[in-house]
Amino acid sequence: MMLDIYDFYNRMERNNIMLSFKGDITSELLTSILQIMESKLENLQEEPKIKKKVYNVLVECLQNLYHHMDEQQTTDSNNRIRAAIFMIGKVDNQYNIITGNYIQNPNVNPLKTKLDHINTLSKDELKDYYKQVLDNGMMSDKGGGGLGMIDIARKTGQKLNYNFMPVDDALSFFTLNIKIAQS
Amino acid sequence: MEKIAIEGSPKTPTISFETDKGFLEIKGRSIPENSIEFYKPLVDALEKYASKPQSATNVNIQLEYFNTSSSKCILDVFKKLEAIHKGGSAVTINWHYEEDDEDMLEAGEDYQAIINVPFKMIQME
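Taken in sequence, the protein lines are chains A and B.
Be aware that the first sequence starts at 1, since it is given in the working numbering, and climbs by one per residue.
Be aware that the second sequence starts at 184, since it is given in the working numbering, and climbs by one per residue.
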């Protein structure tokens with residue numbers, strides 16, 4: 001066990017992880033994580049532009065997890081509690097935000113289609129698509145408007161890097177890896 | 184008519200709506216998980232104000248951060264303002280952004296493209 005932890009530590013060290021969390025995502029937790037990250041970005045003396053971008057993208061990533069968890073207060077066949085994982089690190093002047101959460105198998109394809117569509121769009125097309133969804137899109141009663149992923153793609157200027165790993169008959173594990181480069 | 188004064192928090196903006204002066208200001212950060220709940224009192228107040236608005240309505244938007252959940256609610260607020268503008272009160276939306284914050288400027292331009300109300304883009308510092 002001690003060795004495992006050391007190995008874990010080294011991996012996090014190599015990826016320069018600034019903060020990571022695994023567990024239930026609550027509103028209070030998001031408030032704390034955002035406060036911690038804001039002061040870390042402040043201490044790193046990032047230029048305001050990058051600081052804002054990282055903070056904004058972080059908010060969207062974490063709130064995606066939050067809204068998703070909210071919909072899915074279920075346990076799987078082994079009775080594990082559905083939790084999510086989140087990490088943020090900085091390597092070679094590039095911020096990496098990684099999130100992972102369970103997703104029900106029937107929801108995999110619709111989400112994949114949506115992400116693939118976003119990934120085909122140019123900067124200007126993303127702007128138009130954002131406006132279109134903003135103006136016409138339906139909003140869920142929780143306030144998620146389907147804009148989060150489009151916003152992340154717009155703000156980072158990069159393709160959404162994702163993966164779905166099948167877990168069992170009911171669930172897959174969805175990973176999103178967001179990179180924010182310092183221009 | 185009822186005024187609105189909402190104190191800001193780490194996740195929600197300060198809102199002041201002085202109906203007697205035709206002045207609305209939203210300032211700070213708007214990143215609540217549930218933005219519909221937060222913006223409902225303002226949207227309701229604008230609905231009431233629309234029936235008897237001042238001759239001019241000035242709107243200051245000065246946001247540091249806002250999430251996509253808020254962006255829909257802000258659009259709802261602007262749609263109410265659009266109706267007020269159509270109804271004869273001259274509405275101006277002053278959209279503030281910090282120097283170098285291209286994302287915030289672009290966000291303002293997105294609204295400007297959707298909403299039929301004069302926007303002023305104001306760079307700070």
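Note that CB positions come from ideal geometry on N, CA and C, so glycine has one too.
Whose C-beta lies closer than 6 Å to the C-beta of B/His268 among residues of the same chain, with five residues either side of it excluded? Val274, Val300
Distance between beta carbons of B/Phe206 and B/Leu215, contact taken as under 8 Å: Checking the displayed sequence, the identity of residue 215 of chain B turns out to be Pro instead of Leu. Not confirmed; about 23 Å, so no contact.
Does the beta carbon of B/Asp293 sit closer than 8 Å to a beta carbon anywhere in chain A? yes
By DSSP, does B/Gly291 sit in helix, in strand, or in coil? helix
Output yes or no for whether 8 Å exceeds the beta carbon distance between A/Asn16 and A/Lys90. yes
Close Cβ partners of B/His279 (< 6 Å) along its chain, the five nearest in sequence each way excluded: Gln245, Ile305, Met307
Could you tell me whether any Cβ in chain B is nearer than 8 Å to the Cβ of A/Ser27? yes
Taking only three categories from DSSP, how would you classify B/Glu285? helix
Count the C-beta pairs between the segment 283–303 of chain B and the segment 256–272 of chain B that are closer than 8 Å, then say yes if the count reaches three, no if not. yes
Would you kindly work out how many angstroms separate the C-alpha atoms of A/Phe86 and A/Phe21, rounded to a whole number? 5 Å
Can you tell me which of A/Asn136, A/Glu60, A/Tyr130, A/Phe174 puts its alpha carbon nearest to the alpha carbon of B/Phe249? A/Glu60
In the DSSP output, what is B/Asn241 paired with across the bridge? B/Phe206, B/Thr275
Residue from A/Arg154, A/Leu160, A/Lys40, A/Tyr102 with nearest C-alpha to A/Glu125: A/Arg154
Could you tell me whether the Cβ of A/Gln94 comes closer than 8 Å to any Cβ of chain B? no
Alpha carbon to alpha carbon, what distance is there between A/Arg14 and A/Ile5? 14 Å
Closest to A/Glu28 by C-alpha separation, out of B/Ser272, B/Ser213, B/Lys194, would be which residue? B/Lys194
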